[in-house]
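A.B. asks: In the order they appear, the protein sequences are chains A and B.
For reference, each letter of the first sequence is one residue, going -19 to 367 in the working numbering.
For reference, each letter of the second sequence is one residue, going 817 to 1910 in the working numbering.
Here you go, one structure.
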Amino acid sequence: MKAILALTDGTVFEGEQFGATGEAIGEVVFNTSMTGYQEVLTDPSYKGQIVTMTYPLIGNYGCNEADVESIGPQVEGFVVREYSAYHSNWRSKWSLDTYLSEHGIIGIQGIDTRALTRRLRVHGVMNGCLSTDDLNPESLVAKAKAWHGLVGWDLVQRVTCPNPYAWRNGTVSHQQKGVVPLESDVNDYRLRDESRKPKAESYKVIALDFGIKYNILRQLTEHGCEVQVVPAQTTAEEILAAEPDGVFLSNGPGDPMPVGYAIETIQGLIGKKPLFGICLGHQLLGLALGGKTYKLKFGHRGANQPVKHLENNRVEITSQNHGFCVDIDSLPNSVDITHINLNDDTLEGIQHREYPLFSVQYHPEASPGPHDASYLFSHFTEMMDEC
Amino acid sequence: MPKRTDINKILIIGSGAIIIGQACEFDYSGTQACKALKEEGYEITLVNSNPATIMTDPDFADQTYIEPITADTVELVIAKERPDALLPTLGGQTALNVSVELAESGVLDKYGVELIGAKLPAIQKAEDRALFKEAMIEIGLEVPQSGIAHTVHEALELVQEIGFPAIIRPAFTLGGTGGGIAYNIEEYEKMVAKGLALSPISELLIEESVIGWKEFELEVMRDGADNVVIICSIENVDAMGVHTGDSITVAPIQTLTDKEYQLMRDSAIKIIREIGVDTGGSNIQFAVDPKTGRQVVIEMNPRVSRSSALASKATGFPIAKIAAKLAVGYNLDEIPNDITAETPACFEPTIDYVVVKIPRWAFEKFQGTDETLTTQMKSVGEAMAIGRTFKEALQKGLRSLENGWYGLDNHPLDDLPLSEIPSKLSIPNVKRIFYIKAALTRGMSIEEIHAYSHIDPFFLYNLKEIVDFENALCEPNTEKHIKQHLKNIVTDPGSQNGGADADVAKTVLQQAKQFGFSDQQLAEIYDVSEGTIRECRKDLGIEATFKTVDTCAAEFEAETPYYYSTLSSEDEVRPSDKEKIMILGGGPNRIGQGIEFDYCCVHAAIALKDDGYETIMVNSNPETVSTDYDTSDRLYFEPLTVEHVLNIYHKEKPSGVIVQFGGQTPLNLALALKEAGVPIIGTSPEDIARSEDRRLFKAVLNDIGLRQPPNGTATSSEEAAPIAAALGYPVIVRPSYVLGGRAMQIVYDEALLHEYMNTAVEASPEHPVLIDKYLEEAIEVDVDAISDGNRTVIGGIMEHIEEAGIHSGDSDCVLPPYTLVDEQIEKLKIFTYDLAKALRVRGLMNVQYAIRSDDIYVLEVNPRASRTIPFVSKAIGVPLAKLAARIMAGKTLNELGFTQEIEPAYFSVKAPVFPFNRFPGSNTRLGPEMKSTGEVMGIDTDVSRAFAKAQKACGYTLPLGGKVFISVKNKDKRAIIFIAKRLTDMGFELIATHGTAKVLLRNGMQSELVFSIGKGRPTIHDYIKNHAVDLIINTPTGDLHRPNELLIREMAIAHDIPIFTTIPGAAAAVNAIDALQRGDITVTPLQDYFKMLQ
């Protein structure tokens, strides 16, 4: 079946549909990871976005139950150069086509994804409409143009959990509508890594869910944390009342500015509990500390971003997924810059001089991506030890 | 850390002659290292015996020693140059082994030389199988079950635990030489014995077979601050059991999820840290059980490798260059990424295309040997192709091989019974990909093919898609429309731009292009000419587009123009308005066409860049310097076919295209390109054709009064017999238009002639077989000359040591001539001037002459760069290829200041290196068909010492005393007396068989008697096995039915005993031994020799 992706600047890509049929609108972004499409699809931070993978062959290893970052795919639409109908891997359960169609996600293949990526790089990310219903390019461009876009839109509300729940490590069946952790961890490939064995002592951590990735929860658990996941609108008082050892500020989609309630919550926690923020959590923390955020031209999405840890001058290859960024110059003097992006010198991490809090813009939990920065989870438990 | 200031002078060791498993990728890495370190202001001392390398050009190092790469010779260089540091990781296994030897023997300590990049313990830990295994277990990684054996007995005990099939890997051998897979005890014993003999430390690793598992490689880099990055991941299409150098490989990894890939990445990082490679690149191989995902570590190379060259070309990340900078103290984040210019080299390249590498083999030259692909590498070259899908890259790769395929063609396997297919799938062989196609066409399922071949179903599915698409192309309705459209194109161009036929053609051709089909494949399918398809395609607006290799999947703007073609919606090439010259490279290495031609292409690029042209390089060989994005202004990594070259030509519109430098590859395209309007510069394709076409060439020679050996041409066996009879046997027969003497033979009688005509070649009126009288016992001479159309200057006259009849690429030769007299030399010069004039040569020309008494015959003229150009250029200190390129662009020799011929006051000897140890059972006899893979050069003021150096560089250290076995054919008995006498005078003892011994005795020489094979014991075989003989002189009778002679040579080769098979060769060896007895070898850099020329 034919499918069309149209951008606000009038660019139109015609391709073949796979996955679900229908129509989707979102901000069109590109991700440069060569592996990990299932993790990308299921990352709630992509809510509101149509994602194109720059690697041209997608679907090769199928989809499985374990490699998910939330209950199911979160992207609005998925764009690839060549969808592989054959999936070959010992863990594969479904083809990507089946996986997407079961979750109602439209895919388009056979388009020049590099041309699309170059357009987004040169002109910045833009909104787009992907459709198998309406094949009129003008109409699709008009729809894309009419869409409000991500700026100023609180997408957190669309991905946060409705009720608090306790996390237990394990995989989540993709058919379940709620979060139902399974008993056994099928991710046996990770069990061999001695450093990841759960610590004996336990920390009580509350994770504010702005669209949290499961691998953050898995990592926290492996680092000895007992994690209670709470909705984004939970207040500081409610959190403090639970007397956690630390609070985790999760990743999530979209613009941090409209998520005022979370900023307020964080402000109520600063200095009171150890805080660790990732991605949107980092941006919200930045805002809560008095900083400003801005939208990047085309964002950082991939698994090869070099980040320098200024404390020891070591470079970490990091997994990233963000379109907004904390303005380095807007931060108060009480905040130290701990990490910097070597590609474009943007802010990647901060730490407070007085209060026990730190955050990073990138994804130390990886998934997809390298494990270079997993030490940050230990850093969090050490911080909780000290408090 | 900024760069180190405590070291000033760095020694770099190259990899020597091109051999299987170690080819021009180490010239690429070494050249990058020399450039990078010179740029940083270090003084560079280089040792490499291979003159055909760019790195040994005198500009790339401060002191360039073209000397044997052996510990004792390198020690002489160290003693003379006193470098502060030795960088051992860029010259392949050869450099690494010599460095280890120098470190272990205390030479480095003695002279205060620091190993940089990798220290001795790290190299030992990575290279020693036992230490490596221990280290892996230490860090919690799995390795295949295995054990170490130093004796046959130990090996037999081990295999009881490990079981069959078992893998045998000798320690410290190159490219896995001597390794193999044994399926039964008999095979096992044989392989163990061979492996123990080949391993310099008599050590074997016996390993659990992981045959059939998936094979992966990661290219890892580490800097002094312990930052580690993965540059490239590679997946082998061929499963474990086939050496990675013999496997079709794909970058990046295709069938691992991120979870599995990251686990592998974590392991790789742990490994490089544990082994302790301080800085630089390493290659780590893994095997993965396709059923469970269990990952095991196979091996690590603590140095840059063939795979790292591939990874560099595949990603645009220059591993060797960066490794060199890391070795002198920089950290990754302090080095910029050349391609993006604005981001640092400390990152992991991400690619948005698929890279396929396909090996090229040369089994046709080594008939009689087992062609099964095993854990021992046998390919002589490789091609790399880039596409946006696996299908496209694979088909581009197949046509890049220049084996006559234009993609996944219909290989002539149609007659193969279905019952034979399974064994062709399960036993790895060079044509397996075509057998898979044959299996798919016959309806075999992916699962079944996977069960036989262990090739991952993902790849098989992609192959099936190609086959299915090809079937769809022939579907009657589609075929009808397309054929009608093609007909319209031919009969009434421009009239049929719309309509159903055009619509179908457009849709189908577009998809065909995205599947990587070539115009030629489509032409064959629709039974029209390639030109018709091209015309039709252009008419429908289906044109190749070019994309950039940018290390970052378009995330940043690329500064470096490195392109590949695909069919897509956007073309990224923005041609400049500068004047451009395009250079066509030589494609994959093969015997007869390798690094020498790449050397010439690189020189053309450098010279023309200096002259202000924009240079455009087209090539498909990832091992080369020419495909370094630094070499030319623009690099197109593309197959060298008319279609691909025209695509680039139409895009760039260069004012000239050079076809003279890439060997036969671009010459084969020259006429078609010229017809399509491409301006070929230099000697015209028509004049080149005049030299290749026997009848036209005869006319040329008649005009200027030169002689050829009596000859004729024939298009059939019937035609050939009377011609040969008239000429008188023996005759030399060969097909026209070949390089490296492919299928060239000396034929001694009519029966052999018929056999040759009927089986060895496909003769046709367009391609007749050439029959020459074989001039026995003539001296062969090679002359390289350069001409601007008016003036011709001789670059060098090389006198072959062996008599005419042995391919010039397989002969030792000396420059300047060592036995010719001035009159002969003068005549050769005049003949050469006349030939250059007659053929209107503008550029380079090589002539081969045979001299018998006072008669000089022209054997062959090649008005193009020859294999000897780099050797001659190094011998005379003049970069001939650079001059030739500038002549082609319009300069004269006068303007270039090269008008005087140079006769050096020293001697340069070129010696060939053969791959016979890889091809047991094949004919080791030298003849008109070239078999050597590479060459070395020895320089000295004394011709015999130069010869000795060349022999040493080939791996044959001439003995200074001991026992010599002499067995010569009757005709040579007279000549051997003098040689034997000299040897006894020099203190050698003689060993001979009955006949020769008797002749020797009559001439007053005693010899130890051995039995002829089959007549009693001991025979010379026993002596060889016991290493009780130090030198062998054995001239073959030419009788193919005497296998014992072959066996002697094969055994001598296997046991590294120097063997000479011609009287002139033996005489040269005796002179060389004499020279060595009279005094030790000394070393002198090229730069000092060149001073002697002024």
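Just so you know, even glycine gets a beta-carbon here, dropped at the ideal spot from N, CA and C.
1) Tell me, please, which residues DSSP counts as bridged to R1550(B).
2) Does chain B have any CB closer than 8 angstroms to the CB of N284(A)?
3) Look at the Cβ atom of N1000(B), then the Cβ atom of E1031(B), and state whether they are nearer than 8 angstroms.
4) By alpha-carbon positions, which one of V1434(B), D1444(B), E1439(B) ends up nearest to E767(B)?
5) Does the ligand MN have a heavy atom nearer than 7 angstroms to the CB of I1358(B)?
6) At 7 angstroms on the CB atoms, spell out the chain A contacts of E1920(B), in chain order.
7) For chain B, check one thing: does any of its Cβ atoms lie closer than 8 angstroms to the Cβ of D325(A)?
8) Any Cβ of chain A within less than 8 angstroms of the Cβ of P1152(B)?
9) Give me, in chain order, the residues of the same chain whose beta-carbon lies closer than 7 angstroms to that of I1251(B); leave out the 5 immediate sequence neighbours on both sides.
10) Nearest-angstrom Cα distance between I1610(B) and N1405(B)?
11) Tell me the residue span of the beta strand (DSSP E) that contains S1603(B).
12) Between the Cα of E45(A) and the Cα atoms of V121(A), K277(A), L110(A), T22(A), which residue gives the shortest distance?
13) Determine whether the beta carbon atoms of P36(A) and Y1378(B) lie at a separation below 8 angstroms.
14) Taking A839(B) as the reference, give the member of I829(B), G907(B), G857(B), T886(B) with the closest Cα.
15) Would R1038(B) and T1108(B) qualify as a contact pair, given that the criterion is a beta-carbon distance under 8 angstroms?
16) Please list, in chain order, all residues of the same chain as P1775(B) whose beta carbon is under 6 angstroms from its beta carbon, the five residues on each side excluded.
17) Relative to the C-alpha of M952(B), which candidate in A1084(B), T1898(B), L936(B), M1746(B) has its C-alpha closest?
18) In terms of residue numbering, what span does the beta strand (DSSP E) encompassing K275(A) cover?
19) To the nearest angstrom, report how far apart V1112(B) and R198(A) are at their CA atoms.
20) Excluding sequence positions up to five away, which residues of its chain have a Cβ less than 7 angstroms from the Cβ of G1777(B)?
21) Once you ignore the five residues that flank D1788(B) on each side, which residues in its own chain have a CB closer than 6 angstroms to its CB?
22) I'd like the list of long-range same chain contacts for G996(B), defined as Cβ closer than 7 angstroms, with 5 residues on each side in sequence excluded.
23) Quick one: Cα of S1507(B) to Cα of V1677(B), how far?
24) Would DSSP call S153(A) helix, strand or coil?
25) Counting Cβ pairs closer than 8 angstroms, one from the segment 1416 to 1425 of chain B and one from the segment 1696 to 1708 of chain B, do we hit at least three?
26) Is L371(A) near S25(A), with beta carbons less than 8 angstroms apart?
27) For the 8 angstroms Cβ check, are there 3 or more pairs between the segment 1724 to 1733 of chain B and the segment 1595 to 1608 of chain B?
28) Just the chain B side, please: which residues come within less than 8 angstroms of Y35(A) by C-beta, in chain order?
29) By DSSP, does D189(A) sit in helix, in strand, or in coil?
30) How should A1009(B) be labelled, buried or exposed, when 16 other C-beta atoms within 10 angstroms of its C-beta is the threshold for buried?
31) Kindly indicate which residue of E897(B), D1670(B), I836(B), I828(B) has the alpha-carbon position closest to the one of T1898(B).
32) 8 angstroms is my cut-off, CB to CB: does D1074(B) come that close to chain A?
33) Could you tell me which residues DSSP puts in a beta bridge with M1200(B)?
34) If the cut is a Cβ gap below 8 angstroms, which residues of chain B does S68(A) touch?
35) Kindly list, in the order they appear in chain A, the residues whose Cβ is closer than 8 angstroms to that of L1148(B).
36) Could you name the residues of the same chain whose beta carbon sits closer than 8 angstroms to that of R1110(B), not counting the 5 residues immediately before and after it, in chain order?
C.D. replies: Well, looking at it:
1) L1586(B)
2) yes
3) no
4) Because chain B spans 817 through 1910 in this model, residue 767(B) falls outside it and cannot be assessed.
5) As presented, the structure is devoid of all ligands, the ligand MN included, so that no description of it is given.
6) Outside the shown range of chain B (817 to 1910) lies residue 1920(B), about which nothing can therefore be said.
7) no
8) no
9) Contrary to the premise, residue 1251(B) reads as Tyr rather than Ile in this sequence. Result list for Y1251(B): L1229, I1237, K1240, L1241, in chain order.
10) 28 angstroms
11) 1595 to 1604
12) T22(A)
13) no
14) G907(B)
15) no
16) D1846, L1847
17) A1084(B)
18) 273 to 289
19) 26 angstroms
20) G1803, F1804
21) T1851, I1879
22) I984, M1007, T1190, T1191, Q1192
23) 6 angstroms
24) Because S153(A) carries a pLDDT of 39, less than 50, the predicted location of this residue cannot be relied on, and no value is offered for it.
25) yes
26) The structure shown does not extend to residue 371(A), since chain A spans only -19 to 367, so no value can be given for it.
27) no
28) P1068, T1166, I1167, D1168, A1369
29) strand
30) exposed
31) E897(B)
32) yes
33) K1173(B)
34) T1071, D1272, P1273, F1274, Y1277
35) V295
36) E958, V1104
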